[in-house]
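*Asks:*
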Amino acid sequence: MTPTGRQPRRRGDAPPGLQRDLFAGDEPRLPEGAVGDRRRGSAPLATRQRPRDLDDFVGQEAVVGPGSPLRGMIERDETPSLVLWGPPGSGKTTLAAIIARRTQRYFEPLSAVDAGVADIRRVVADARQRRSAGGVETILFIDELHRFNRAQQDHVLPHVEDGTVTLIGATTENPSFYVVAPLISRARVFKLDVLSEEDIRTIVLRALDQDEQLAALDLDVADDAIDTIVGLAGGDARSALNLLELAATSTRPDGDGVRHVTREAVETTGQRPTVLYDRMGDAHYDHISAYIKSVRDSDPDGALYWLARMLEAGEDPLFVARRMVILAAEDVGLADPQALVVAVSGQQAVHFLGMPEARLPLAEVTVYLARAPKSNSAYAAYTRAAADVERTRNDPVPIHLRNAATRLMRDFGYGEGYRYAHDFEGHVVPEQTHRPPSAEGNVYYEPGTLGDEARPRDA
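First residue of the sequence shown: 807, per our numbering; consecutive thereafter.
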């Protein structure tokens, strides 16, 4: 017994409850007997087919392929603190499970969904005890790392910094936005990509070839059914295996006991193609960036494509409409001042129409903006003016431009020397200054050469 009265855990024992959930199927990390029961029982196909070593890992060649730095570190059991960043089903948790099987260090998994500071304290206390008792180091794996708030991440930081634990974090979100900078600076970030269709096909065929529970169903899976699974999965291995399992188990056997899994059987499971789109994540910003650049480059087809990608994935149409208003002012600008009116009208139409009808004004405004002549002169002019303001922000307003609203102000000279533009020919006052002396003379606005802006001012 330990001084706290708890039964000591061996290095290969699983922390109660947590490791069993995250890494079902990894014998060295489970209580005796649990693995066989899970594999023969209710474990889903995606769990049963989780690769057990690097040679079975499909895809991500740049990250863990032969000769890659991370693979070498895993094989030498020298894995440093790292963050695995990638979309769902790309292999983050699987890779962590492989590290758990290979390492001689104690492997503590937590899920940020239900863990808190108390769990971190427990892990750190146990890590210190193991290090002092036998020199055993600890790897702390945090799944869904982005779900830890800043305070929780800050609580992990000093223990990573002093080497009490080696952190492995898995996240679907961009670490730049969801992981505190000090933690990122102490870890290596590895980006896992969406699996290719060929990778997904390999995973599906291997499951059909190797999984005993699927074999017991006596399946005959059509080639076009596999093609459909691959297409619907959208690069997500877990989704592909779940879809295969659902189609297999929901197909009735014929008179000979054979289950003929067809393309129609896969499609009737009701699953739409997996869309890698999170309205608060990287896909959200990447898609709108592609849309904006297509409009800016005067490519209506490209802009319509990205508009459809966003809307079909469930993007907020008002978000797109607001970006259109910005586009009209920033990129079309004074070359076609009507563009801003069109964009604002489109935003209003989207507001009271809602989806799916909002697609129509969004498409119309998209084409209008893409076809319009372009000018960023107003945007560039403001940028130059703001740069001048940065160095002259405390300069007083010239006395002749000040508001002389009271007798006292007039007595102090406010407004003195101001000349009224409408008293002059052309409504322009010659040689009247309108900026502090330190900013006078700098040119901010430089007219563009297209559309309305290229026309003479008095035309």
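Don't be surprised by glycine CBs; every beta carbon is placed ideally from N, CA and C. Just so it is clear, the structure is predicted and the values come from calculations on it, not from any experiment.
When the Cα atoms are used, what is the spatial distance from residue 1171 to residue 1152?
*Replies:* In a straight line, the C-alpha of residue 1171 is about 6 Å away from that of residue 1152.
*Asks:* Would you grab the beta carbon distance between residue 972 and residue 945 for me? Rounded to a whole angstrom, and I think it's under 8 Å.
*Replies:* 5 Å
*Asks:* Shortest alpha-carbon distance to residue 1071 belongs to which of 1193, 1050, 857?
*Replies:* The option with the nearest alpha carbon to residue 1071 is 1050.
*Asks:* With burial defined as no fewer than 16 other Cβ atoms inside 10 Å of the residue's Cβ, what is the status of residue 957: buried or exposed?
*Replies:* exposed
*Asks:* Is residue 959 buried or exposed, if buried means 16 or more other CB atoms sit within 10 Å of its CB?
*Replies:* buried
*Asks:* Under a three-way DSSP split, which group does residue 898 fall into?
*Replies:* helix
*Asks:* What are the complete alpha helix (DSSP H) segments, minimum 4 residues, inside the stretch 918–953?
*Replies:* 923–940
*Asks:* Could you check if residue 913 is buried or exposed, using at least 16 other CB atoms within 10 Å of its CB as the buried criterion?
*Replies:* Its Cβ being crowded by 16 or more others within 10 Å, residue 913 is buried.
*Asks:* Using the DSSP secondary-structure output, state which residues sit across from residue 912 in a beta bridge.
*Replies:* 944
*Asks:* Can you check which of these residues, 1211, 1235, 1236, 1179, is closest to residue 1255 by C-alpha distance?
*Replies:* Restricting attention to 1211, 1235, 1236, 1179, the CA atom closest to the CA of residue 1255 is found in 1179.
*Asks:* Would you kindly check if the distance between the Cβ of residue 1020 and the Cβ of residue 1054 is under 8 Å?
*Replies:* Closer than 8 Å, so yes.
*Asks:* What's the call for residue 915, buried or exposed, on a 16-neighbour Cβ count within 10 Å?
*Replies:* Burial call: buried.
*Asks:* Given a threshold of 16 other Cβ atoms within 10 Å of its Cβ, counted over all protein chains shown, does residue 981 qualify as buried or as exposed?
*Replies:* It is buried - the Cβ of residue 981 has at least 16 other Cβ atoms within 10 Å.
*Asks:* Looking at the structure shown, is residue 1005 part of a helix, part of a strand, or coil, going by DSSP?
*Replies:* helix
*Asks:* Three-state secondary structure (DSSP) at residue 1138?
*Replies:* Looking at residue 1138 - three-state DSSP - the assignment turns out to be helix.
*Asks:* For my contact list, residue 1181 and residue 1140 are in at a C-beta cut-off of 8 Å; report their separation, rounded to the angstrom.
*Replies:* 5 Å
*Asks:* Go through its chain and collect everything with a Cβ distance to residue 1236's Cβ below 8 Å, but skip five positions before and after it.
*Replies:* 1230
*Asks:* Quick check: the Cα distance between residue 892 and residue 1207, rounded to an integer number of angstroms?
*Replies:* 57 Å
*Asks:* Is any non-hydrogen atom of the ligand SAM found closer than 7 Å to the C-beta of residue 1189, if you look at the structure I gave you?
*Replies:* Ligands are entirely absent from the displayed structure, and the ligand SAM is therefore not among its contents.
*Asks:* If residue 1126 sits next to residue 1168, beta carbons under 8 Å apart, how far is it from one beta carbon to the other, in whole angstroms?
*Replies:* 6 Å
*Asks:* Which ranges would you report for the alpha helix (DSSP H) in the stretch 1199–1225 if only whole runs of at least 4 residues count?
*Replies:* You should have 1213–1217.
*Asks:* Please return the same chain residues whose Cβ sits closer than 6 Å to the Cβ of residue 910, not counting the five positions on each side in sequence.
*Replies:* Here the set comprises 883.
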